[in-house]
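Numbered per mature numbering (1 follows the signal peptide of the UniProt record, and there is no 0), the sequence shown spans residues -23 to -1, 1 to 95.
Have a look at the structure below before the remarks.
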Amino acid sequence: MKSSLAKPLLFLCALLFAGPGVAGCGEMQGMCLVISGGEETERVCGVTVCANVHSYWAQWDIGGGESAVSVSATEDTSSISLDGEPGFPVPQSIVQDGLTCYSTQNLAKIYCAKDIPM
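Dropping the structure here:
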């Protein structure tokens, strides 16, 4: 009888003393707005977002690999790139509601997605 309780009690103790660990990923498909060279086009895009209590990561695949946005952040650092070039988030105050946009430093490319939880 003693040995049959040992494993459940050990498991319960491990749960009680384990630190909180919350993480998850999500994927969605939609249309992204691409502004490049003064032209505006819509392209099919897939967005993958992963996060845990210490970090965040998002990858946009635009036009079946034609373009990409990569966003990562930890407690200490963050980085954004568009097609391998350094980028930045376009301020929400100047974009349409529901859009999340990123741009290259020189504003040569701007990529936007609708209803992405960022």
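Yeah, the Cβ is synthetic: ideal placement off N, Cα and C, and Gly gets one too.
Quick caveat, the model's predicted, so the values are computed rather than measured.
query: Kindly indicate which three-state DSSP category residue 127 falls into: helix, strand or coil?; result: Summary: the structure shown does not reach residue 127, with the chain confined to residues -23 through 95, and so no result is reported for it.
query: If I measure Cβ to Cβ from residue 97 and keep anything under 8 Å in the same chain, skipping five residues before and after, which residues do I get?; result: The structure shown does not extend to residue 97, since the chain is modelled only from -23 to 95, so the question has no answer here.
query: Pick helix, strand or coil for Gln36, following the three-state DSSP scheme.; result: strand
query: Give me the residue from Met5, Gln82, Lys86 and Glu19 with the minimum Cα distance to Ala35.; result: Met5
query: CB Ala(-1) to CB Asn29, shorter than 7 Å?; result: yes
query: Using the C-alpha atoms, what's the distance from Gly61 back to Cys89?; result: 17 Å
query: Taking just the CA atoms, how far does Asp53 sit from Glu19?; result: 34 Å
query: Drop a sphere of 10 angstroms on the beta-carbon of Leu59, count the other beta-carbons inside from all chains shown, and report buried for 16 or more, exposed for fewer.; result: buried
query: Where does Cys2 land, buried or exposed, given buried means 16+ other C-beta within 10 angstroms?; result: exposed
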